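Engineer: Position one of the sequence shown corresponds to residue 1 (UniProt numbering), numbered consecutively onward.
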Amino acid sequence: MVSIKQKLQHGFGLVELMISITLGLVLSAAVIQVFVASNTSSTLQQSLAQVQENARFGMRLLGEEIRMSGYMGCTSIGTVTVNNIATPAAAVDFGPATVFVGQNDLAEGNALGAIEGSDAVQIKRASTNFIRLDGSTTAGTGFLNINSNTLGFVQDDYVLVSDCLNADVFRITNTPAQSGVTTLNHENGAKNSASTLGKIYGLDAEVFGFETKNYFIRDTGRDTQAGNPIHALYVQQTVAGSGGVMSAATELVEGVEDMQISYGVDNSGDRSVDVYTTVVANWANVLSVKISLQMVGSEENVVGQTGSATAQSVTDVDGNVLVNNDGRLRQVFTNVFAIRNKVP
């Protein structure tokens, strides 16, 4: 009898191997595509969150300051004439026409070092906190006493004193004590045009630091990984403890690429806004402020660049489509804020 042995196949054939490799490549490509899409989506969401959070913080900060323009305690800037003996007087001119002033379309090389074409604002106000007098002022004397120097006043600081009916601004000419009952001299000379205040203030008077703040957009000097400049919202300020000297620019919010402002103007005298404009003839008539912040994320290639199929379409405050040459996410945020101390 002849024995027939069945030949058994061992391993895989060439065709099977090719099919397996092809399926593996397809599966790997699918996994990579899902990973890339997930990573791109995550980066986009992070950039969007960054832009929105920075915009919220910037708007909240600017809104609080704009609303408080002209703040002077328990009285309104429109109901009292401020007696200003401090010099230089222009630095602390405190009236309806000066508590809020804007600068539009700043030129290259401007004094603030702001981005060319951007806008800036200057706000004047009393400090949020105040100190009570330690005894009434005396006619004909060049000083007043406060019960404690909790604001940290130093020589040359600008000070505002108010009692809801009257207000004075002066400059400190002595070196005040930093604790206990403190004397603030305002003697006639290089720092004050007179030594006498506009009235005798009683114990109900409030003593504030006089604050001047400039807000603007500047290049931070830092770059993104691809070498694109990073802009931010900045402030310069004169406050209690600064000795009457404007501070160096301080960065507040990163990613603010531009700031554009229009002003709500009352042309009829009825204390309501008639028109929003970028050209103001009389700043005393400005009752509200419309601010637009152009925000940008820090990550490149998150969205398509201009001309690509995935280009992000964002318009500025003038309705122009923003050019995107770096793939960074951009959004424009707009808010309107009333100057509370100038409205009924």
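Cβ coordinates follow ideal geometry from the N, Cα and C atoms, glycine included. All values reported here derive from a predicted model rather than from experimental measurement.
Please return the same chain residues whose Cβ sits closer than 7 Å to the Cβ of L177, not counting the five positions on each side in sequence.
Structural biologist: According to the sequence provided, residue 177 is Ala. The question's Leu does not apply to it. Taken in chain order, the residues that qualify are N149.
Engineer: In terms of DSSP beta bridges, what is M295 paired with?
Structural biologist: V256 and Q331
Engineer: My understanding is that G319 touches K290, with C-beta atoms under 8 Å, so please give their C-beta distance in whole angstroms.
Structural biologist: No, G319 and K290 are not in contact; Cβ-Cβ is about 15 Å, not under 8 Å.
Engineer: When DSSP builds the beta bridges, which residues end up paired with A86?
Structural biologist: DSSP, once it has assigned bridges, lists N192 as partnering A86.
Engineer: Would you kindly work out how many angstroms separate the C-alpha atoms of A240 and G202, rounded to a whole number?
Structural biologist: 22 Å
Engineer: Mark M68 as exposed unless 16 or more other C-beta atoms lie within 10 angstroms of its C-beta, in which case mark it buried.
Structural biologist: It counts as buried.
Engineer: So, does the region 116-136 touch the region 87-107, judging by three or more C-beta pairs under 8 Å?
Structural biologist: yes
Engineer: I'd like the span of the beta strand (DSSP E) that includes H231, first residue to last.
Structural biologist: P229 to T238
Engineer: For G63, which residues in the same chain have their Cβ closer than 6 Å to its Cβ, ignoring the five residues on either side in sequence?
Structural biologist: F337
Engineer: How is the beta strand (DSSP E) around I131 delimited, first residue to last?
Structural biologist: A120 to R132
Engineer: With three or more beta-carbon pairs closer than 8 Å as the criterion, would you say the region 244-255 touches the region 295-302?
Structural biologist: Between the region 244-255 and the region 295-302 there are three or more inter-stretch CB-CB distances shorter than 8 Å, so the stretches are counted as touching.
Engineer: Determine the closest residue to R132 out of L329, N110, E108 and V161, with distance taken between C-alpha atoms.
Structural biologist: That would be V161, whose Cα lies nearest to the Cα of R132.
Engineer: What did DSSP end up calling Q305 once you bin it into helix, strand or coil?
Structural biologist: Coil at Q305, not helix or strand.
Engineer: Taking 7 Å as the limit between beta carbons, can you name the residues of its chain near S268, skipping five residues before and five after?
Structural biologist: D274
Engineer: Would you call the region 183-195 and the region 217-234 touching, i.e. three or more CB-CB distances under 8 Å?
Structural biologist: no
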